[in-house]
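For reference, the structure discussed in these notes is given below.
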Amino acid sequence: MELMTVTFPPSLMFLMLNFHNFVTIKLDSTNYMLWRIQVENIVSANGFYEYLDGSVECPERHIGNDEGNLIPNTAYTMFKEYAQKLVAGSPVDEDDLIFHTLRGLPDVFNGLKTTIRAMQLVVRISLSMR
(Lines of atoms letter the chains of each structure in order from A and count residues from 1; the text may use other names and numbers.)
(Lines give C-alpha, C1' and ligand atoms only; values in the text may rest on other atoms or scores of the structure.)
Protein backbone atom coordinates (compact mmCIF):
# COMPACT_ATOMS: atom_id res chain seq x y z
CA MET A 1 0.00 0.00 0.00
CA GLU A 2 1.29 3.41 -0.95
CA LEU A 3 2.13 5.87 1.85
CA MET A 4 0.13 9.06 1.45
CA THR A 5 1.44 12.50 2.31
CA VAL A 6 -1.00 15.26 3.14
CA THR A 7 0.17 18.78 2.36
CA PHE A 8 -1.58 21.57 4.21
CA PRO A 9 -2.29 24.89 2.56
CA PRO A 10 -0.09 27.73 3.86
CA SER A 11 -3.15 29.51 5.29
CA LEU A 12 -4.01 26.45 7.43
CA MET A 13 -0.42 26.15 8.64
CA PHE A 14 -0.44 29.85 9.51
CA LEU A 15 -3.74 29.47 11.36
CA MET A 16 -2.51 26.43 13.31
CA LEU A 17 0.74 28.07 14.33
CA ASN A 18 -0.82 31.38 15.39
CA PHE A 19 -4.28 30.42 16.63
CA HIS A 20 -3.55 31.10 20.30
CA ASN A 21 -2.13 34.51 19.43
CA PHE A 22 -5.28 35.45 17.50
CA VAL A 23 -7.75 34.37 20.18
CA THR A 24 -7.50 37.17 22.72
CA ILE A 25 -10.70 36.20 24.51
CA LYS A 26 -10.12 33.07 26.58
CA LEU A 27 -13.26 30.98 26.93
CA ASP A 28 -14.97 30.97 30.32
CA SER A 29 -18.51 30.48 31.62
CA THR A 30 -19.53 34.09 30.89
CA ASN A 31 -18.19 34.88 27.42
CA TYR A 32 -19.05 32.00 25.11
CA MET A 33 -20.74 34.18 22.46
CA LEU A 34 -17.86 36.66 22.28
CA TRP A 35 -15.32 33.83 22.14
CA ARG A 36 -17.32 32.00 19.46
CA ILE A 37 -17.62 35.10 17.27
CA GLN A 38 -13.88 35.70 17.56
CA VAL A 39 -13.02 32.09 16.69
CA GLU A 40 -15.48 32.04 13.77
CA ASN A 41 -14.03 35.29 12.40
CA ILE A 42 -10.47 33.93 12.63
CA VAL A 43 -11.36 30.67 10.93
CA SER A 44 -13.44 32.49 8.29
CA ALA A 45 -10.70 35.03 7.54
CA ASN A 46 -8.34 32.14 6.84
CA GLY A 47 -10.80 30.41 4.50
CA PHE A 48 -11.81 27.43 6.63
CA TYR A 49 -15.24 28.41 8.00
CA GLU A 50 -17.04 25.97 5.71
CA TYR A 51 -15.43 23.14 7.71
CA LEU A 52 -17.10 24.46 10.87
CA ASP A 53 -20.55 25.29 9.52
CA GLY A 54 -21.05 21.95 7.79
CA SER A 55 -21.23 23.27 4.24
CA VAL A 56 -18.24 21.06 3.37
CA GLU A 57 -19.35 17.49 3.90
CA CYS A 58 -16.93 14.79 4.87
CA PRO A 59 -16.04 12.73 1.78
CA GLU A 60 -16.49 8.97 1.72
CA ARG A 61 -13.70 7.05 3.45
CA HIS A 62 -13.24 4.70 0.48
CA ILE A 63 -13.93 5.05 -3.23
CA GLY A 64 -14.00 2.55 -6.06
CA ASN A 65 -11.10 2.42 -8.52
CA ASP A 66 -11.29 1.47 -12.21
CA GLU A 67 -11.17 -2.23 -11.30
CA GLY A 68 -14.10 -1.86 -8.88
CA ASN A 69 -11.98 -2.29 -5.74
CA LEU A 70 -12.40 -0.03 -2.74
CA ILE A 71 -9.39 2.17 -2.10
CA PRO A 72 -8.70 4.90 0.48
CA ASN A 73 -10.09 8.27 -0.62
CA THR A 74 -7.38 10.95 -0.45
CA ALA A 75 -10.07 13.63 -0.15
CA TYR A 76 -11.30 11.93 3.04
CA THR A 77 -7.76 11.78 4.45
CA MET A 78 -7.19 15.48 3.74
CA PHE A 79 -10.59 16.43 5.19
CA LYS A 80 -9.86 14.56 8.41
CA GLU A 81 -6.38 16.07 8.66
CA TYR A 82 -7.76 19.60 8.18
CA ALA A 83 -10.47 19.00 10.77
CA GLN A 84 -7.96 17.62 13.29
CA LYS A 85 -5.63 20.57 12.75
CA LEU A 86 -8.46 23.07 13.18
CA VAL A 87 -9.61 21.37 16.38
CA ALA A 88 -6.04 21.09 17.66
CA GLY A 89 -5.69 24.84 17.24
CA SER A 90 -8.38 25.45 19.81
CA PRO A 91 -8.02 23.11 22.77
CA VAL A 92 -10.86 23.09 25.29
CA ASP A 93 -9.99 22.52 28.91
CA GLU A 94 -12.02 20.14 31.04
CA ASP A 95 -14.02 22.84 32.87
CA ASP A 96 -15.10 24.39 29.57
CA LEU A 97 -16.04 20.99 28.19
CA ILE A 98 -18.23 20.30 31.25
CA PHE A 99 -19.80 23.77 31.03
CA HIS A 100 -20.74 23.37 27.36
CA THR A 101 -21.91 19.80 27.84
CA LEU A 102 -24.23 20.91 30.64
CA ARG A 103 -25.55 23.78 28.50
CA GLY A 104 -26.50 21.28 25.81
CA LEU A 105 -28.61 19.07 28.07
CA PRO A 106 -32.41 19.39 27.83
CA ASP A 107 -34.43 21.02 30.63
CA VAL A 108 -35.28 17.66 32.16
CA PHE A 109 -31.67 17.63 33.47
CA ASN A 110 -31.86 21.07 35.17
CA GLY A 111 -31.54 19.54 38.66
CA LEU A 112 -28.41 17.63 37.66
CA LYS A 113 -26.96 20.71 35.95
CA THR A 114 -27.52 22.87 39.04
CA THR A 115 -25.98 20.25 41.32
CA ILE A 116 -22.87 19.84 39.19
CA ARG A 117 -22.37 23.60 38.79
CA ALA A 118 -22.67 24.09 42.56
CA MET A 119 -20.15 21.40 43.46
CA GLN A 120 -16.68 22.47 44.51
CA LEU A 121 -14.94 19.15 43.95
CA VAL A 122 -14.01 17.33 40.81
CA VAL A 123 -16.78 15.19 39.41
CA ARG A 124 -16.11 12.18 37.23
CA ILE A 125 -19.16 11.15 35.25
CA SER A 126 -19.24 7.83 33.48
CA LEU A 127 -22.10 7.01 31.16
CA SER A 128 -22.59 3.48 29.99
CA MET A 129 -25.18 1.88 27.77
CA ARG A 130 -26.56 -1.32 29.27
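Residue numbering for the sequence shown is 977 to 1106, as defined by the working numbering.
Ideal Cβ placement from N, Cα and C applies to all residues, glycine included.
Since this is a predicted model, take the numbers as computed values, not measurements.
Paired residues, beta bridge with residue i - DSSP
i       : result
Gly1040 : Leu1046
Contact belief for residue i with residue j at Cβ below 8 Å, rounded distance in angstroms
i       : j       : result
Asn1041 : Ser987  : Actually they are not in contact, since the Cβ atoms of Asn1041 and Ser987 sit about 31 Å apart, beyond 8 Å.
Leu1081 : Arg1093 : Leu1081 to Arg1093, Cβ: 12 Å. No contact.
Tyr1058 : Tyr1027 : 6 Å
Helix, strand or coil at residue i according to DSSP, with G and I counted as helix
i       : result
Asp1004 : coil
Leu1088 : helix
Met992  : helix
Ser1020 : helix
Glu1033 : coil
Met1095 : coil
Pro1082 : coil
Pro986  : helix
Where residue i falls, given that 16 or more other Cβ within 10 Å makes a residue buried
i       : result
Leu991  : buried
Phe1085 : exposed
Met977  : Because Met977 carries a pLDDT of 44, less than 50, the predicted location of this residue cannot be relied on, and the following value inherits that uncertainty. With fewer than 16 other Cβ atoms within 10 Å, it is exposed.
(request) Please confirm if the segment 982-998 is in contact with the segment 1015-1026, defined as three or more CB-CB distances below 8 Å between the two stretches. (result) Three or more beta-carbon pairs separated by less than 8 Å link the segment 982-998 to the segment 1015-1026, which places the two stretches in contact.
(request) Decide yes or no for the touch test of the segment 1036-1051 against the segment 999-1006: beta carbon pairs closer than 8 Å, at least 3 of them. (result) Under the three-pair Cβ rule at 8 Å, the segment 1036-1051 does not count as touching the segment 999-1006.
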